[in-house]
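Count along the sequence shown from 1, then add 13; that gives the number in my numbering. Some notes on the structure that comes next.
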Amino acid sequence: GKLLLVDGASAQPRGEVVGAHDGAIKALAACGDFVVSSGHDRTVRTWRLEGSSSGMISGLGLTPQGLGEGGGDGRELAHENSVECVAVKRADAGSSSGGHVLLSGDWDGRLCLWRVCEGGGE
């Protein structure tokens, strides 16, 4: 699937990631400059918008919080089915790691809780 960044005011394309997922992108969520995508390929990926004018999108890593196997490359296969929904929010201010946490859910009801890390890991 292709992830396309569009300017909300002008509706003009600002950037794209071809091959963001192998197959259909099923869900998107955003919090600040973080964008989370999930796909039919059973993966969850995080992206960071770089610069408001450049339209660049770069991948970030994920580390699991109690579920799944974390490889830090944003393509962990913690889900056994298509990932149908994602939600993201900033971590609590008191959290030692800061960043964001996200929740992903797949077709058969499995939920995974993730910590979004910059730099591919902790």
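Where is the CB? At the ideal position from N, CA and C, for every residue including glycine. Here the structure is a predicted model, which means the values were calculated and not measured.
field: For arginine 55, the nearest candidate out of Ala104, Asp119 and Ala100 (CA to CA)
entry: Here residue 55 corresponds to residue number 42 of the sequence shown, with the count starting at 1. Comparing Cα positions, the closest option is Asp119.
query: glutamate 29: which of Leu116, Leu126 and Arg61 sits nearest, CA to CA?
result: On the sequence shown, residue 29 is found 16 positions in, with the first residue counted as 1. Between glutamate 29 and the set Leu116, Leu126 and Arg61, the nearest pair of CA atoms involves Arg61.
Spatial neighbours of alanine 22 in its chain, beta-carbon cut-off 6 angstroms, leaving aside the 5 residues before and after: Looking up residue 22 in the sequence shown gives position 9. Excluding residues within five positions, none has a Cβ falling inside 6 angstroms.
message: Cutting at 8 angstroms between CB atoms, please list the residues of its own chain near glutamine 25, excluding the five before and the five after it.
response: The residue you call residue 25 lines up with position 12 of the sequence shown. Within the same chain, glutamine 25 has close Cβ partners Val19.
message: Checking 8 angstroms against the spacing of the C-beta atoms, do arginine 103 and cysteine 44 come in under that value?
response: As a first step, residue 103 must be located in the sequence shown, where it is residue number 90. As a first step, residue 44 must be located in the sequence shown, where it is residue number 31. Contact flag set, yes.
task: Give the C-beta separation of valine 57 and valine 31 to the nearest angstrom, bearing in mind that I take them to be a contact with Cβ-Cβ under 8 angstroms.
output: Indexing the sequence shown from 1 puts residue 57 at position 44. Indexing the sequence shown from 1 puts residue 31 at position 18. Rounded, the Cβ-Cβ distance is 19 angstroms, inconsistent with contact.
- request: Assign glycine 52 to one of two classes, buried (16 or more other C-beta atoms within 10 Å of its C-beta) or exposed (fewer than that).
  value: By one-based count along the sequence shown, residue 52 stands at place 39. Buried, since its Cβ has 16 or more Cβ neighbours within 10 Å.
task: My understanding is that serine 95 touches lysine 15, with C-beta atoms under 8 angstroms, so please give their C-beta distance in whole angstroms.
output: In the sequence shown, residue 95 corresponds to position 82, counting from 1. In the sequence shown, residue 15 corresponds to position 2, counting from 1. At roughly 17 angstroms, the Cβ-Cβ gap does not stay under 8 angstroms, so serine 95 and lysine 15 are not in contact.
query: If you check the beta carbons only, do leucine 115 and valine 49 fall under 8 angstroms apart?
result: As a working note, residue 115 is residue 102 in the sequence shown. As a working note, residue 49 is residue 36 in the sequence shown. Yes, the Cβ-Cβ distance between leucine 115 and valine 49 is below 8 angstroms.
query: Can you round the beta-carbon distance between histidine 113 and phenylalanine 47 to whole angstroms, since I take them to be within the 8 angstroms contact cut?
result: Translated into positions along the sequence shown, residue 113 becomes position 100. Translated into positions along the sequence shown, residue 47 becomes position 34. Confirmed, Cβ separation roughly 6 angstroms.
query: Hey, valine 101 and alanine 42 are a contact pair by Cβ (cut 8 angstroms); roughly how many whole angstroms apart?
result: The residue given as residue 101 occupies position 88 in the sequence shown. The residue given as residue 42 occupies position 29 in the sequence shown. Indeed they touch by this definition, with Cβ atoms about 5 angstroms apart.
field: Rounded separation between aspartate 105 and serine 117 - CA only
entry: Reading the sequence shown from its first residue, position 92 is the one you call residue 105. Reading the sequence shown from its first residue, position 104 is the one you call residue 117. Straight-line Cα distance between these residues: approximately 19 angstroms.
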